[in-house]
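Protein chains in written order, with my numbering: chain A, 78 to 402; chain B, 94 to 533. Note that CB positions come from ideal geometry on N, CA and C, so glycine has one too. None of the values given here were measured: they were computed from a predicted structure. Have a look at the structure below, then the notes.
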């Protein structure tokens, strides 16, 4: 297995899929001439030409709509948002058209496409560039919502997303792009709806995804030093949700903490804890706790921004609380 | 000045109370009227309320402790006072007062009590071995307890706010040793001497329902109270028993008529309701029976408050129907029903139990022909009511079938002479045989 960065993994996934299937194309702001705002599409214009790697003006609603139309007539677009904070401009297209089309047309149309791009707090980008909107998209029936945390998962999941016959919202964390990791050689696909137990444990289940996996694993390491064995589950796919893996884990540990970077109120963790409560109420020895970002707009100031995030101390405090230590 | 809170008198006969459950902890700010703890008295579990505002500085006793009337149970800091200073200065009420209740020494409490004193921090005060209160426990703890057939209320919670978690149940089970309270069908572990078991092996095989086992049931507070009060009654009150047979054909006919009329209101009068009414009316005419006996005086009571003995699974309790002589039959029915329901639900309050002047004990529903009841001191008499049943009755010179019930008055001969008792019973018999006389 060779080591690649997260952005290289995404580049490989798109490149491999475009080589495999000439219906696949990439469209977005600065994806072509500039090689991508975060260099995810580096070299792709040279390789596939301007017909398949297309620069757009700042017009999210427009190019998202073009992508949906293209998908409806048989192409497989990848729409890149420079950041998912800007996808709000295209939300009417994504929610009213992409997500609903198969249902509204009685199955006559499908929308095989991927909306992908960066998201999350990256460091001093201010309130309008740092949103975590996964809970918004995960609420919409018709959308698949994927948030990889490692290069291997990024590649395997994006390839699955491009091959999906339904619209996929594929959210990459800006901070993860330079992260390196091993990627299996050859064809590597990761299925949707399958969470990954990144670290097994017996005393408490830590449920997380995307960037927060890193802090959660670090917290699990500290807990191990204190004699608490934490199981860390990376959801990878938040819709569909792998409830079965969560249920099996909580049945074993009887305690759970959900670590999420989105806002707490009506956040993703609220929906997940609801499902767990209903499935394994009698197995719980403590309430399920959630460690989310602070319930406020994201500050520009670096220290304030960092203090909003789920951090190792906050995760440890939550674990202490559910294990009554 | 800090406020010392003492064990209040929550029932007229209470001499001490067991703290069933603390509902507050050291450091809590409380207002007048807040419930501080559930207290088991000799009769019921009752809330202990605060009469002051303040911050709790000291709690002197753990849940499960028995505290004598008037002994200090906690200290409150008033506004402007530092609870920590007070705790340091006033300390605990001392070892003597802290003695744990000798009663109900179940293993859960034993295990808890055997913890070293140093460990008894704030959480120790928050014990949830509630008798009547809500038990805080995790779903998993409840599941584990249910599987092990353990009453979770007996387990001590160590989680936040005293929540019982799985570990607490497991510790409780470990403290108990082997399987807790095995199912009734479970076979005994056969600890008997092996040699002895060998010889008379035969009989065991014959018994299909399983061997009878010796079983020790610790006396509850209620059982101890009953034992003590009944013994006191029998030892101190020289009894006289007066029995009359009452022909109740007219009463039964009247009851049927009235019940038909009351059917729409969903009220159904019982024979016992008529008896209660008649007893109360008769007491108005014979105040000597509506009295209490004190060493230097007989106190004729101002109201006719009828105690109605209610049998519970765990014993006997006598809630009181106040001013029963002034109540109509419907009010008596509804009042008795409410009292019985409260008694069975464990929600009787001090008011329900106080002020009785005469007690009725009715075993009619069991088909009892006649029995003697024991006087509920300091009252001077009690009436035992048996079943109304068809019996041969001499009517003129003929023998006919009539509905008859036997009533037996037990009176305290220190206060009531035979003639007085008999006179009362004659009045009662008259009222029940001609129920219309109750209107006079």
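Report yes if the CB atom of residue i is closer than 7 Å to the CB atom of residue j, and no otherwise.
i: residue 125 (chain A); j: residue 133 (chain A); result: no
i: residue 200 (chain A); j: residue 250 (chain A); result: no
i: residue 395 (chain A); j: residue 334 (chain A); result: yes
i: residue 277 (chain A); j: residue 308 (chain A); result: yes
i: residue 331 (chain B); j: residue 506 (chain B); result: yes
i: residue 129 (chain B); j: residue 139 (chain B); result: no
i: residue 234 (chain A); j: residue 248 (chain A); result: no
i: residue 502 (chain B); j: residue 480 (chain B); result: no
i: residue 367 (chain B); j: residue 345 (chain B); result: no
i: residue 168 (chain B); j: residue 232 (chain B); result: no
i: residue 137 (chain A); j: residue 166 (chain A); result: yes
i: residue 117 (chain A); j: residue 259 (chain A); result: no
i: residue 240 (chain A); j: residue 273 (chain A); result: no
i: residue 253 (chain A); j: residue 288 (chain A); result: yes
i: residue 300 (chain A); j: residue 293 (chain A); result: no
i: residue 234 (chain B); j: residue 266 (chain B); result: no
i: residue 368 (chain A); j: residue 391 (chain A); result: yes
i: residue 187 (chain A); j: residue 160 (chain A); result: no
Mind checking who residue i pairs with in its DSSP beta bridge?
i: residue 296 (chain A); result: DSSP lists no partner for residue 296 (chain A).
i: residue 505 (chain B); result: B:332
i: residue 250 (chain A); result: A:196
i: residue 94 (chain B); result: Looking at the DSSP assignment, residue 94 (chain B) forms no beta bridge with any residue, so it has no partner.
i: residue 114 (chain B); result: B:131
i: residue 147 (chain B); result: B:123
i: residue 367 (chain B); result: Answer by DSSP bridge pairing: none, since residue 367 (chain B) is not bridged.
i: residue 245 (chain A); result: A:191 and A:221
i: residue 367 (chain A); result: A:335
DSSP three-state label for residue i, please.
i: residue 198 (chain A); result: coil
i: residue 380 (chain A); result: helix
i: residue 386 (chain A); result: coil
i: residue 340 (chain A); result: coil
i: residue 326 (chain A); result: helix
i: residue 496 (chain B); result: strand
i: residue 205 (chain A); result: helix
i: residue 174 (chain B); result: coil
i: residue 140 (chain B); result: strand
i: residue 423 (chain B); result: helix
i: residue 485 (chain B); result: strand
i: residue 351 (chain A); result: helix
i: residue 272 (chain B); result: Interpretation of residue 272 (chain B) is limited by its pLDDT of 39, a score under 50 that renders its predicted location unreliable; no figure is taken from the coordinates.
i: residue 461 (chain B); result: coil
i: residue 524 (chain B); result: helix
i: residue 234 (chain A); result: helix
i: residue 164 (chain A); result: helix
i: residue 167 (chain B); result: strand
i: residue 78 (chain B); result: No statement about residue 78 (chain B) is possible, as the shown extent of chain B runs from 94 to 533 and does not include it.
i: residue 332 (chain A); result: coil
i: residue 220 (chain A); result: coil
i: residue 262 (chain B); result: helix
i: residue 241 (chain B); result: coil
i: residue 211 (chain A); result: helix
i: residue 307 (chain B); result: coil
i: residue 158 (chain B); result: strand
i: residue 466 (chain B); result: coil
i: residue 80 (chain A); result: strand
i: residue 399 (chain A); result: helix
(message) What are the residues in the region 342-375 of chain A lying within 7 Å of chain B by C-beta distance?
(response) 358, 359, 360, 361, 362 and 363
(request) Check each residue of the region 234-251 of chain B: if its Cβ is closer than 8 Å to any Cβ of chain A, include it; give the result in chain order. (result) 234, 235, 236 and 251
(message) If we require 4 or more residues per run, which alpha helix (DSSP H) segments fall completely within the region 83-157 of chain A?
(response) 83-97, 121-125 and 137-149
(request) List in chain order: all unbroken alpha helix (DSSP H) runs of 4+ residues lying wholly within the region 254-320 of chain A. (result) 289-302
(message) I'd like the ranges of any beta strand (DSSP E) spanning at least 3 consecutive residues and lying wholly in the region 315-359 of chain B.
(response) 332-340
(request) Using a Cβ-Cβ cut-off of less than 7 Å, give me the residues of the region 308-337 of chain A that come near chain B, in sequence order. (result) 331
(request) Let me know the alpha helix (DSSP H) ranges lying completely inside the region 374-455 of chain B, each 4 residues or longer, listed in chain order. (result) 422-438 and 443-446
(request) Select from the region 258-270 of chain B all residues with a C-beta closer than 9 Å to any C-beta belonging to chain A, and list them in chain order. (result) 258, 259 and 260
(message) To be precise: take each residue of the region 170-181 of chain B, compare its Cβ to all Cβ atoms of chain A, and keep it if any distance is under 9 Å. Which residues remain?
(response) none
(request) Return the residues of the region 272-287 of chain A that lie within a Cβ-Cβ distance of less than 9 Å from chain B, sorted by chain order. (result) none
(request) Could you please tell me which residues of the region 371-402 of chain A, in chain order, have their CB closer than 9 Å to any CB of chain B? (result) 398 and 401
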